[in-house]
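Chemist: These protein sequences, in sequence, are chains A and B.
Mapping to the working numbering: the first sequence position 363 is 363, numbers consecutive.
Mapping to the working numbering: the second sequence position 98 is 98, numbers consecutive.
Please read through the structure below; I'll follow up with questions.
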Amino acid sequence: MSEIITTPATSSTGRTLRTEEMILNMGPQHPATHGVLRLELVVDGEIVVDVIPHIGYLHRCFEKHCEHMTNYQQVIPYTDRMDYVASMTNEFGYVVAAERLLKIQVPERVEYIRVIMAELQRIASHLIAIGTYGIDIGAFTPFLYCFRDREKILDLFEMTCGARLLYNYMWVGGLSHDIPPDFIPKAKEFCAYFKPNIKELNDLLTYNEIFVKRTANVGVLPADVAINYGCSGPMLRGSGVDWDLRRDDPYSVYHKFEWDVCVGKGEMGTVGDCWDRHIVRAREMEQSVRIIEQALAQIPEGDVHAAIPKRIRPNPGEVYARIESPRGELGYYIVSDGSATPYRIKARSPAFSNLSVINEISKGAMIADMVAIAGSIDIVLGEVDR
Amino acid sequence: MSPQEILERLTANFPDSAFGIEAKLDAPVDPWIKVSPQHIIGIAQFLRDDDELQFDFLSSLSGVDLKGKLSVIYHLSSLVKKHKITIRVEVPTEAPEVQSVESIWKTANWHEREAFDLFGIRFTGHPDLRRILLPYDWEGYPLRKDYQVPEFYNGMRVPY
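Right, here's the structure in full:
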């Protein structure tokens, strides 16, 4: 699949056939674009010459809305709706930024609960990424297995805050609720249940020969290109760059846990191919389980609300805080003018920068491989378009 | 390196006042260094290629409307040295022209298009400066503070 055909097409009489470049629209409605994304492909026969992404179909003026809030807390439900498969981490990034702007310290119990939620969310998000990627390539069964396990995480979220997708759970200065008493045993139960399932998923999909043939050596992203394009998360680590904000620019209580950063090593093909990006996600789920287990064992007692005024008025100033979302570096740049309304909020979404590299890694690929490449980036259009 | 050391390294290499290097390292939360919009590309090149700075990763590029002035904020970090800094430039709203840093960090390609789309900041030297999030025929720059929402777009009433 991945070899580039270089010999020109010939007719039955042996004459070389003239080929013309053609423009093919992939999307806005296409199952492999995972949302409303239009890829304008310039193709020469079956070979992709150029990819021009057209985004913005899901633009909801997140940043403009924020400038009309009357309170910093009101922004949180909007952040939920950016990356709607990883709402917890979106909230996490925003509250970390707002708390740094306000210079407040939240109780330790809050930090632990946030880490547990963020890591559960990372597993849930990676399960969607892996499951839908399987569908893109043609494997339907792993998708069902992934959604079965994700459902258990959503159940945990539901018992905590009542919502299954958009939580509004992390607030500036704390959480909306404390975890219920049976959350910790249930979460431990989930970890024990989920660990063998990762191996099952790998046997079913990751090391499946068809899957390997479709993804290894396809869409190779070299490390220097990844850095230059601002790729982050599994995209960057898949290219062999050992960089994880949870370790390299620590926030919250991540420094208290022991875990490893997973990087792509080119086990099945070249470093930075689609298979490497996939395996980084699969291995990160194991690491997330490790973090959750440690956090559940160490979680302290205490209050889940810091003492902050009802109406938050940060001093004039600005902050850029970033966290490691399932897709990479999620940053919030907040400018305060001293009033209760944020003067400017910019969300640096990881999928936006990750998607911008698509032209670079799909030149010379086959049209069929475009699906594999687009799926391996793991975009969520709600976050790309904001 | 601390922001102080980064600033010293920068002023040592760009001593002329034309580069407009100003800093606020005791800013309430994040320290920043302001430079001239006419020289941002040379300074960006230096920030990326200098052996001691090695700012290889442009995290984010944001526009801000400061009422009368437009500002572009570059959040840089180094994956090798593990330090970070905020660089900013300011231009008057009537002539919002900033040199593009697309040739230094490709991240800037889409981020500058976004700043152009929402603030109308013109990045000179950008290879493909067109709207990215809004429709290509949208008028006005919505994140400017004086923006008025149009009543109609292509004959359709804009809801609010």
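All C-beta atoms, glycine included, are put in the ideal place defined by N, C-alpha and C.
From A:Glu318 to A:Glu200, what does the alpha carbon distance come to, in whole angstroms?
Modeler: Here residue 318 of chain A corresponds to residue number 318 of the first sequence, with the count starting at 1. Here residue 200 of chain A corresponds to residue number 200 of the first sequence, with the count starting at 1. The alpha-carbon atoms of A:Glu318 and A:Glu200 are separated by roughly 47 Å.
Chemist: Can you list the residues of chain A that B:Pro28 reaches, using a CB-CB cut of under 9 Å?
Modeler: As a working mapping, residue 28 of chain B is identified with position 28 in the second sequence. What B:Pro28 touches in chain A: Leu101, Lys103, Pro314, Asn315, Pro316, Gly317, Glu318, Val319, Ser336.
Chemist: Measure the C-alpha to C-alpha separation of A:Glu209 and A:Met268 and round it to an integer number of angstroms.
Modeler: Translated into the one-based positions of the first sequence, residue 209 of chain A becomes position 209. Translated into the one-based positions of the first sequence, residue 268 of chain A becomes position 268. If I take the Cα positions, the gap works out to 10 Å.
Chemist: Taking its Cβ as the centre, do 16 or more other Cβ atoms sit within 10 Å of A:Leu120, making it buried, or is it exposed?
Modeler: The count along the first sequence starts at 1 and reaches residue 120 of chain A at position 120. The residue is buried, with at least 16 neighbouring Cβ atoms inside 10 Å.
Chemist: Near B:Ile43, what residues of its chain come up, given a Cβ to Cβ distance below 6 Å and the 5 sequence neighbours on each side ignored?
Modeler: In the second sequence, counting from the first residue as 1, residue 43 of chain B sits at position 43. So the qualifying residues of the chain are Val35.
Chemist: Near A:Arg283, what residues of its chain come up, given a Cβ to Cβ distance below 7 Å and the 5 sequence neighbours on each side ignored?
Modeler: Residue mapping note: residue 283 of chain A aligns to position 283 of the first sequence, counting from 1. Once the five neighbours on either side are set aside, the close Cβ partners of A:Arg283 are Cys262.
Chemist: In the DSSP assignment, find the alpha helix (DSSP H) that holds A:Asp283 and state where it starts and stops.
Modeler: Here residue 283 of chain A refers to the residue found at position 283 of the first sequence. Sequence inspection shows Arg at residue 283 of chain A; the Asp mentioned does not correspond to that position. 274-298 is the extent of the alpha helix (DSSP H) around A:Arg283.
Chemist: Just tell me which of A:Lys213, A:Val95, A:Arg281 has its CA closest to the CA of A:Ala372.
Modeler: In the first sequence, residue 372 of chain A corresponds to position 372, counting from 1. Minimum Cα distance to A:Ala372 is reached at A:Lys213.
Chemist: To which residues of the same chain is B:Leu133 closer than 8 Å at the C-beta, ignoring the five residues directly before and after it?
Modeler: As a first step, residue 133 of chain B must be located in the second sequence, where it is residue number 133. Taken in chain order, the residues that qualify are Glu114, Asp117, Leu118.
Chemist: Nearest to A:Gly240 by CA position, among B:Ile6, B:His39, B:Leu79, is which residue?
Modeler: Working through the first sequence from its first residue, we reach residue 240 of chain A at position 240. Of the listed residues, the one whose Cα sits closest to A:Gly240 is B:Leu79.
Chemist: Whether or not the segment 293-310 of chain A and the segment 49-69 of chain B are in contact is what I'm after, with contact meaning three or more pairs of Cβ atoms, one per stretch, closer than 8 Å; do they touch?
Modeler: No, the segment 49-69 of chain B is not in contact with the segment 293-310 of chain A.
Chemist: How is the alpha helix (DSSP H) around B:Gly20 delimited, first residue to last?
Modeler: Counting from 1 along the second sequence, the entry for residue 20 of chain B is found at position 20. Run containing B:Gly20: none; DSSP gives neither H nor E here.
Chemist: Just the Cα atoms here: how many angstroms apart are A:Phe92 and A:Val85?
Modeler: Against the first sequence, residue 92 of chain A aligns to sequence position 92. Against the first sequence, residue 85 of chain A aligns to sequence position 85. The straight-line gap from Cα to Cα measures roughly 14 Å.
Chemist: Check each candidate in A:Arg281, A:Tyr145, A:Trp243 and name the one with the smallest Cα separation from A:Ser376.
Modeler: Looking up residue 376 of chain A in the first sequence gives position 376. Cα-wise, what sits closest to A:Ser376 is A:Arg281.
Chemist: With a threshold of 9 Å between beta-carbons, can B:Pro142 be considered close to chain A, or not?
Modeler: On the second sequence, position 142 is the one that residue 142 of chain B refers to. Yes, B:Pro142 lies at the interface with chain A (some Cβ there is under 9 Å from its Cβ).
Chemist: At least one CB of chain B closer than 9 Å to the CB of A:Cys61: is that the case?
Modeler: Position 61 of the first sequence holds residue 61 of chain A. It does; some Cβ of chain B falls within 9 Å.
Chemist: Going along chain A in order, which residues have a C-beta closer than 7 Å to the C-beta of B:Phe57?
Modeler: Taking the second sequence and counting its residues from 1, the one referred to as residue 57 of chain B is at position 57. Neighbours of B:Phe57 on chain A, chain order: Ile227, Gly230.
Chemist: Work out the CA separation of B:His83 and A:Arg38 for me, nearest whole Å.
Modeler: On the first sequence, position 38 is the one that residue 38 of chain A refers to. On the second sequence, position 83 is the one that residue 83 of chain B refers to. Distance between the alpha carbons of A:Arg38 and B:His83 is about 37 Å.
Chemist: Alpha carbon to alpha carbon, how far is A:Lys152 from A:Phe190?
Modeler: One-based indexing of the first sequence puts residue 152 of chain A at position 152. One-based indexing of the first sequence puts residue 190 of chain A at position 190. Taking the straight line joining both Cα atoms gives about 7 Å.
Chemist: Are the CB atoms of B:Lys145 and A:Asn228 nearer to each other than 9 Å?
Modeler: Position 145 of the second sequence, counted from the start, is the residue given in the question as residue 145 of chain B. Position 228 of the first sequence, counted from the start, is the residue given in the question as residue 228 of chain A. No, the Cβ-Cβ distance between B:Lys145 and A:Asn228 is not below 9 Å.
Chemist: Which residues in chain A sit within 8 Å of B:Ile87, going by Cβ to Cβ distance?
Modeler: On the second sequence, residue 87 of chain B is found 87 positions in, with the first residue counted as 1. Neighbours of B:Ile87 on chain A: none; closest Cβ ~12 Å, over 8 Å.
Chemist: Please confirm whether A:Val380 and A:Arg322 have their CB atoms less than 9 Å apart.
Modeler: Along the first sequence, one-based indexing puts residue 380 of chain A at 380. Along the first sequence, one-based indexing puts residue 322 of chain A at 322. In this structure, A:Arg322 does not lie closer than 9 Å to A:Val380 by Cβ.
Chemist: Distance cutoff 9 Å, beta carbons only. Does A:Met235 sit that close to anything in chain B?
Modeler: Within the first sequence, the letter at position 235 stands for residue 235 of chain A. Taking Cβ atoms only, chain B never reaches closer than 9 Å to A:Met235, which makes this a no.
Chemist: For B:Pro159, count neighbouring Cβ atoms within 10 angstroms of its own Cβ and tell me buried if that reaches 16, exposed if not.
Modeler: If you number the second sequence from 1, residue 159 of chain B lands on position 159. Looking at its Cβ environment, which holds fewer than 16 other Cβ atoms inside 10 Å, B:Pro159 is exposed.
Chemist: DSSP three-state label for A:Leu37, please.
Modeler: For the purposes of this step, residue 37 of chain A is identified with residue 37 of the first sequence, where counting begins at 1. Looking at A:Leu37 - three-state DSSP - the assignment turns out to be coil, as it is neither helix nor strand.
Chemist: Is A:Cys231 near the ligand MG, in the sense that its beta carbon is under 8 Å from a heavy atom of that ligand?
Modeler: Among the ligands in the structure shown, none appear at all, so the ligand MG cannot be discussed.
Chemist: Taking Cβ positions only, does A:Met1 come closer than 9 Å to chain B?
Modeler: As a position in the first sequence, residue 1 of chain A is number 1, starting the count at 1. Note that A:Met1 has pLDDT 49, beneath the 50 cutoff, so the model's placement of it is unreliable and the number below is only indicative. No, A:Met1 does not count as interfacial toward chain B.
Chemist: Opposite A:Ile334 in the DSSP bridges: which residues?
Modeler: Position 334 of the first sequence, counting from 1, holds the residue named residue 334 of chain A. Bridge partners of A:Ile334: A:Val319, A:Ile345.
Chemist: Find the nearest neighbour of A:Thr70 within the set A:Pro342, A:Ala351, A:Ala295, A:Glu383, judged by alpha-carbon distance.
Modeler: Taking the first residue of the first sequence as 1, we reach residue 70 of chain A at position 70. When each option's Cα is compared against that of A:Thr70, the closest is A:Pro342.
Chemist: Looking at the C-beta of A:Val36, does it have a partner C-beta in chain B at a distance below 9 Å?
Modeler: Against the first sequence, residue 36 of chain A aligns to sequence position 36. No - not a single Cβ of chain B is within 9 Å of the one on A:Val36.
Chemist: Can you check whether the CB of A:Pro28 is closer than 9 Å to the CB of A:Tyr57?
Modeler: Taking the first residue of the first sequence as position 1, residue 57 of chain A is located at position 57. Taking the first residue of the first sequence as position 1, residue 28 of chain A is located at position 28. In this structure, A:Pro28 lies closer than 9 Å to A:Tyr57 by Cβ.
Chemist: Find the residues of chain B that neighbour A:Ile55, judging by a C-beta separation of less than 9 Å, and give them in chain order.
Modeler: Taking the first sequence and counting its residues from 1, the one referred to as residue 55 of chain A is at position 55. Trp110, Ile132, Leu133, listed in chain order.
Chemist: So, do the segment 217-224 of chain A and the segment 136-147 of chain A have three or more beta carbon pairs nearer to each other than 8 Å?
Modeler: No: the two stretches stay apart, fewer than three of their Cβ pairs being nearer than 8 Å.
Chemist: What is the DSSP secondary structure of A:Asn25, reduced to helix, strand or coil?
Modeler: Taking the first residue of the first sequence as position 1, residue 25 of chain A is located at position 25. Three-state DSSP puts A:Asn25 in a strand.
Chemist: Inspect the CB distances between the segment 61-79 of chain A and the segment 334-341 of chain A and report whether three or more fall short of 8 Å.
Modeler: Cβ pair count under 8 Å is three or more, so yes.
Chemist: Quick one: what's got a C-beta closer than 8 Å to A:His177's C-beta in the same chain, skipping five residues either side?
Modeler: Start at 1 with the first residue of the first sequence, and residue 177 of chain A comes out as number 177. Excluding positions up to five away in sequence, the list reads Thr160, Cys161, Tyr169, Val304.
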